[in-house]
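Number of protein chains: 2
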Amino acid sequence: MPDTLPENSVGLVTAQTMHFDVPLALACGRSFDNYDITYETYGELNSDHSNAILICHALSSDHHAAGYHSMEDRKPGWWETCIGPGKVIDTNHFFVVCMNNLGGCKGSTGPASTNPETNKPYGPDFPIVTVKDWVESQARFTDKLEIKTWLAIIGGSLGGMQVLQWNIDFPERIKHAAVIAAAPKLTAQNIGFNEVARQAIMHDVDFHDGRYYEHDTVPRRGLMLARMLGHITYLSDDAMREKFGRELRQGKISYGFDVDFQVESYLRYQGESFVDRFDANTYLLMTKALDYFDPAADFDDDLSKALSHAQANFLVISFSSDWRFAPERSREIVKALQNNNHDVSYAEVVVPHGHDAFLMPINDYLDVFGAWMGHLVKEVSS
Amino acid sequence: MPDTLPENSVGLVTAQTMHFDVPLALACGRSFDNYDITYETYGELNSDHSNAILICHALSSDHHAAGYHSMEDRKPGWWETCIGPGKVIDTNHFFVVCMNNLGGCKGSTGPASTNPETNKPYGPDFPIVTVKDWVESQARFTDKLEIKTWLAIIGGSLGGMQVLQWNIDFPERIKHAAVIAAAPKLTAQNIGFNEVARQAIMHDVDFHDGRYYEHDTVPRRGLMLARMLGHITYLSDDAMREKFGRELRQGKISYGFDVDFQVESYLRYQGESFVDRFDANTYLLMTKALDYFDPAADFDDDLSKALSHAQANFLVISFSSDWRFAPERSREIVKALQNNNHDVSYAEVVVPHGHDAFLMPINDYLDVFGAWMGHLVKEVSS
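So the sequence lines, in the order shown, correspond to chains A and B. When you line the first sequence up against the working numbering, it's residues 1 to 382, in that order. When you line the second sequence up against the working numbering, it's residues 383 to 764, in that order.
As structure tokens, this is what we get:
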């Protein structure tokens, strides 16, 4: 590994893209005849293909979960904290796979891709995709990798929802499942925040009904607002107090509408930088996938019934200060599994960081997650 | 009273406007040479002017606190729940006054008023006004009414902040003070939400740097988003769950970006209807007044010191599910008063309704508030 990249990183990685030409029927009733899935892998697949771990990504992330794309790359993958040699998801032992979900904006077929029917970008004609659709596409991808059973499927937030759906749709293909900072469905408040974000994007005059690619523009303002709002909900009140308090940017108030407080500056920066790396139509799709996710709905609103065929050994982790997906929501998952006399480890990590904690290097979190993963290392090594 | 209006309402009311021509110096360093204050009064001022109660309004309300403007008026004033004959703030006993704050949009001088220097609407040239400025203007108004001492000053949310400021700046002019669902200053999270709301308004292409009056337009989209976001924070997660749950508007999901869930429909309606009754520049000003409020800052960040000269008898009320101004924030006020060996009654009302509870007919709340007000009735009657 080049010596300017950290020793415990998977180092330089390159995304790959796999093409699929067997039609994929979607929950909305439409289908894709062809589609691409972009993904990355870290570590080596062993001879009997028993050490493969699938990582499912959240709202605004992608397949680039670990490592660097170039020597000049300043930021590693989004879960560099957890994935790498010697880390919790140890690439010395596991073959780790992360895919960009359908509808994404980092290589997999998404709203910016060319619609074969019109030879223009899909834009608003891209079908609404659901967590179930993603899991179906992930299962087909799994076949192509010649992986019969995932040693583990792991995800945080919207990623955790995909882990749950895998256990409902393909229970025989997962040995272990880790559901982190997730919920079995969104609350009205969650949906409300998503709706404000969507309205911000869709009301931007540069949105052009989602056909902004053809107008050579981007709904910057709307996407920025969506991200600013998202960020507030990813942090806890306490975390924001600790991080920013009422600290002033220039030492005194301006009596104007420029930035006064550090927190304003932070949110504007987060919003503006997001626009350069994310597509607004993808953001819309991801929020709808979140809103629609409610696997118990098909089982008389009984999550235990929905998970009754799950076979995996579960780890559920929540964070005490996460008000987006509060610990109560994780406990609903634990309860549903226990109702099935299912093996489940649950940890509520007491931290002030809010929802974002699942991405952070927090000792208590990594300890409990690492201990659970340690059993998987033994399983693979034995 | 005409028999189609409720018996326990103050009935038909008419707003009045008072002109001021003594310059008012503002915290920002600028001043008004002339300004108007629009207000309403309910009940009769007694002969020694000892039964006057000032109501301070919150972010998006105004001087119309009770009664109806016409027989066709479908909605009464914003605090009809509490103000009226036989109600908690009993107009059979008290002379109740509510003013539209400077910078407002319902009659008092505000951003839509004509700037005498340009003969155009102030727009963005309207000075930033603070809670302290409001209290100063309210004190001058008090003089004109020939009221030496308010029997009580009462306010919820941003209104409660004005009550605190009165006790700092004019402690000798208040006998009783009720601070409901308020805080001694905003948290970083509060400021963050306000900043998203402001950015939504200011990024609306119809905002025209605040000079939209001259462009014969209104930043509808931005103000709508601000209000939608505000509404989520006025309700608790539980209240939204109870009110909307995941109920679908059309019974099934649409797989599109139209309204799916009832909560989306509610928020869109709240946002859209707000635009027709509120001015975006006023909204910006009110959020800045909230952000800037921090009376302890001038007293070594010690709220006890700031309130050390307060003489009033205090009632502080918070609501258990209010996460915008949580009970902890009210307790900071109680603590500061107690540190001064000050007489204070505190009640945390256990309700699921969130911040909006202060406007609602909740028995436990009205009971505690009413008991405290009962002492004032006795004081006036004796």
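Just so it is clear, CB atoms sit at the ideal spot from N, CA and C, and this is done for glycine as well.
For A:HIS64 and B:LEU436, the rounded distance between their alpha carbons: 59 Å
In this structure, how does DSSP classify B:ILE471 when only helix, strand and coil are distinguished? strand
For the beta strand (DSSP E) containing B:ILE765, name the first residue and the last one. Here chain B comprises residues numbered 383 to 764, so residue 765 of chain B is not present and cannot be evaluated.
Taking any Cβ of chain A, which residues in the segment 572-602 of chain B have a Cβ under 7 Å from it, in chain order? Cβ contacts with chain A come from ILE573, GLY574, PHE575, GLU577, VAL578, ARG580, GLN581, ALA582, MET584, HIS585 and VAL587.
Would you mind telling me which residues of chain B sit closer than 9 Å to A:ASP276, beta carbon to beta carbon, in chain order? For the C-beta of A:ASP276, not a single chain B residue is nearer than 9 Å; the gap to the nearest is close to 17 Å.
Three or more C-beta pairs below 8 Å linking the segment 398-416 of chain B and the segment 486-498 of chain B: yes
State the CB to CB distance for the pair B:ASP661 and B:ALA440, rounded to an integer number of angstroms; the pair is presumed to be in contact (CB under 8 Å). The Cβ separation is near 16 Å, so there is no contact.
Cβ-based burial, B:THR386 [other Cβ within 10 Å; buried from 16]: exposed
Residue range of the unbroken beta strand (DSSP E) whose run includes B:ALA621: First-last for B:ALA621: 619-625, but that is the alpha helix (DSSP H), not the beta strand (DSSP E).
Let me know if A:ALA25 comes out buried or exposed under the rule of 16 or more other beta-carbons within 10 Å of its beta-carbon. exposed
Nearest-angstrom beta carbon gap, B:GLY505 and B:ASN663 [assumed within contact, 8 Å]: 6 Å
A:GLY230 burial status per 10 Å Cβ neighbour count (16 or more: buried): buried
Pull up the DSSP beta-bridge partners for A:CYS98, would you. A:GLU40 and A:ILE55
Is the beta carbon of B:PRO709 sitting closer than 8 Å to the one on B:GLU730? yes
Measure the alpha-carbon distance for B:PHE681 versus A:PHE274 and round it to whole angstroms. 40 Å
Residues near A:ALA27 in its chain [Cβ-Cβ closer than 6 Å; skip 5 each side]: THR130, LYS132 and ASP133
Are the segment 281-291 of chain A and the segment 300-320 of chain A touching, with three or more C-beta to C-beta distances below 8 Å? The segment 300-320 of chain A and the segment 281-291 of chain A do not touch, with fewer than three beta-carbon pairs separated by less than 8 Å.
Quick check: B:ALA579 and B:ALA608, are their CB atoms within less than 8 Å of each other? yes
Pull up the CB-CB distance for B:LYS502 and B:ASN390, whole angstroms please, since I reckon it's below 8 Å. Contact flag wrong, Cβ pair sits at about 45 Å.
Am I right that B:ASP472 and B:VAL759 are in contact with their C-beta atoms under 8 Å? What's the rounded C-beta distance? 6 Å
Do you know how far the Cα of A:LEU158 is from the Cα of A:VAL263? When rounded, the separation of the alpha-carbon atoms in A:VAL263 and A:LEU158 is 26 Å.
Rounding to the nearest angstrom, what Cα-Cα distance links A:ASP206 and B:PHE751 in this structure? 50 Å
I'd like to know if the segment 629-648 of chain B and the segment 336-356 of chain A are in contact, where contact means that at least 3 CB-CB pairs between them fall below 8 Å. no
Would a C-beta distance cut-off of 8 Å place A:VAL380 and A:LEU151 closer than the cut-off? A:LEU151 sits close to A:VAL380, with the two beta carbons spaced by under 8 Å.
Excluding the five sequence neighbours on either side, which residues of its own chain have a C-beta within less than 8 Å of the C-beta of B:MET453, listed in chain order? Within its own chain, the residues whose Cβ lies closer than 8 Å to the Cβ of B:MET453, once the five positions on either side in sequence are excluded, are PRO384, THR386, LEU387 and LEU394, listed in chain order.
Within 8 Å (strictly less), CB to CB, does A:MET18 reach chain B? no
If you follow the beta strand (DSSP E) that A:ALA178 is in, where does it begin and where does it stop? 174-180
Can you pull out the residues from the segment 154-176 of chain A whose beta carbon lies closer than 7 Å to at least one beta carbon of chain B? none
Measure from the C-beta of B:ARG628 to each C-beta in chain A and report whether the shortest distance is under 8 Å. yes
Identify the continuous beta strand (DSSP E) that holds A:GLU348 and give its terminal residues. 344-349
Distance check for B:TYR424 and A:ASP238, CA to CA, integer angstroms please. The alpha-carbon atoms of A:ASP238 and B:TYR424 are separated by roughly 42 Å.
According to DSSP, residues forming a beta bridge with A:LYS75: For A:LYS75, which the question treats as bridged, DSSP gives no partner whatsoever.
Beta-carbon gap between A:LEU307 and A:ALA289 smaller than 8 Å: no
Where B:GLN693 falls: helix, strand or coil (DSSP): coil
B:PHE707 to B:ARG659 span [Cα, whole Å]: Rounded to whole angstroms, the gap between the alpha carbons of B:PHE707 and B:ARG659 is 25 Å.
Using a Cβ cut-off of 8 Å, pull out every chain B residue sitting near A:THR282, in sequence order please. Under the 8 Å cutoff, chain B gives no residues; its nearest Cβ is about 13 Å from A:THR282.
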